[in-house]
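Residue numbers (the UniProt record's numbering): 1 to 310. Please read the structure below before turning to the comments.
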């Protein structure tokens, strides 16, 4: 086993990087959520935007999200090599060097911010730049290895894109865009702590102070339940602000109660295998939860805008 910096490299797979390896640096699964929430923010925002510019804006936000992922993988390549779920990423697997990932991430960052600023406005461009900075520097470099609150604070990075999409149309920040930000922000801790509960051996081996490894499983499960209640309450904000109709409200209530129920089951589960199963169930549900909530908001808004009967 050879090393690249502090990262273990498998010489059997070290070689020329393929296009797929660079795409993997963008964290496409994470980027897809960023793109979708940003798209919803852009579509539901009051005002109009040229369809071509809208496509460019969403593309720029996607590239910016991917740039954040590349910079995250650059810095975290040492711990990625230790954890089972990340060991086959391009850098620890030896298919891309840390230097290549860093340059790739920086170039994409500059290009995405510049493109968004020129295509729409510099409020949106500035928000995208801050989002990339927050994820790469505040979360990845500063918080992730220092505090069990890393996910709580770092969750802001994943919540900003919906505000970026909104600002691309309006050029400003509003209570509604802040409400959408809050939904994603409060979703992040229970989502990742559920994952950490059944993957805590990975985080422990890598020295990442995730909540279960620092505060213990019982405390983490209580905090997941508390955040789940806050999350469900936050999804009602668009309705309280008069920005959505009964369709979104119904979806928010049903999915919110489901999230709370699964968090309650996790909190009540016996230690060991039952707890890990409950954590996995909540994590799996949380993957679709945010999509359902934002899709309902999008559908509700479009029906009101074009149908006028909700």
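Quick reminder that beta carbons are idealized off the backbone N, C-alpha and C, glycines included.
- Look at the region 210-265 and you find these whole runs of alpha helix (DSSP H), each 4 residues long or longer: 211-214, 217-234, 237-240.
- The C-alpha of residue 139 is placed about 9 Å away from the C-alpha of residue 133.
- When only Cα atoms are considered, residue 170 and residue 207 end up about 43 Å apart.
- The criterion of a C-beta distance shorter than 8 Å is not satisfied by residue 20 and residue 70.
- Within a 10 Å sphere around the beta-carbon of residue 256 sit 16 or more other beta-carbons, which makes this residue buried.
- For residue 78, the enclosing alpha helix (DSSP H) has its first and last residue at 77-80.
- A direct Cα-to-Cα measurement between residue 288 and residue 229 gives close to 17 Å.
- In the three-state DSSP reduction, residue 173 falls in the coil class, being neither helix nor strand.
- Shown here for residue 231: same chain residues with a beta carbon closer than 6 Å to its own, the five before and five after excluded, namely 186, 187 in chain order.
- When only Cα atoms are considered, residue 109 and residue 24 end up about 16 Å apart.
- Close CB contacts of residue 240 within its chain, under the 6 Å cut and outside five residues either way in sequence, are absent.
- Straight across, the Cα-Cα distance linking residue 223 with residue 57 is about 36 Å.
- Residue 125: member of the alpha helix (DSSP H) spanning 122-133, first to last residue.
- If you compare the alpha carbons of 96, 78, 67, 181 with that of residue 112, the shortest gap goes to 67.
- For the options 107, 245, 152, the alpha carbon positioned closest to that of residue 210 is the one of 152.
- Nearest to residue 74 by C-alpha distance, out of 93, 60, 59, is 93.
- When DSSP states are grouped into helix, strand and coil, residue 84 belongs to the coil group.
- Note on residue 261: under 16 other CB atoms within 10 angstroms of its CB, so exposed under the neighbour-count rule.
- Contact check for residue 30 and residue 61: beta-carbon distance about 13 Å, past the 8 Å limit, so the pair fails to qualify.
- With respect to residue 166, residue 41 sits close: the two C-beta atoms are nearer than 8 Å.
- Annotation for residue 292: the continuous alpha helix (DSSP H) segment containing it runs 273-306.
- As the crow flies, the alpha-carbon of residue 265 is around 17 Å from that of residue 189.
- For residue 267, the closest of 26, 178, 212 by C-alpha to C-alpha distance is 212.
- DSSP, reduced to helix, strand and coil, places residue 45 outside both helices and strands of the structure shown, so it counts as coil.
- With contacts defined as CB atoms closer than 8 Å, residue 160 and residue 120 fail to qualify as a contacting pair.
- In summary, residue 37 is buried, with 16 or more beta-carbon neighbours lying within 10 Å of its beta-carbon over all protein chains present.
- When DSSP states are grouped into helix, strand and coil, residue 91 belongs to the coil group.
- With contacts defined by Cβ atoms closer than 8 Å, residue 183 and residue 293 form a contacting pair.
- Rounded to the nearest angstrom, the Cβ distance from residue 49 to residue 168 is 7 Å, consistent with a contact under 8 Å.
- The shortest C-alpha to C-alpha distance from residue 274 to any of 295, 227, 219, 197 is the one to 197.
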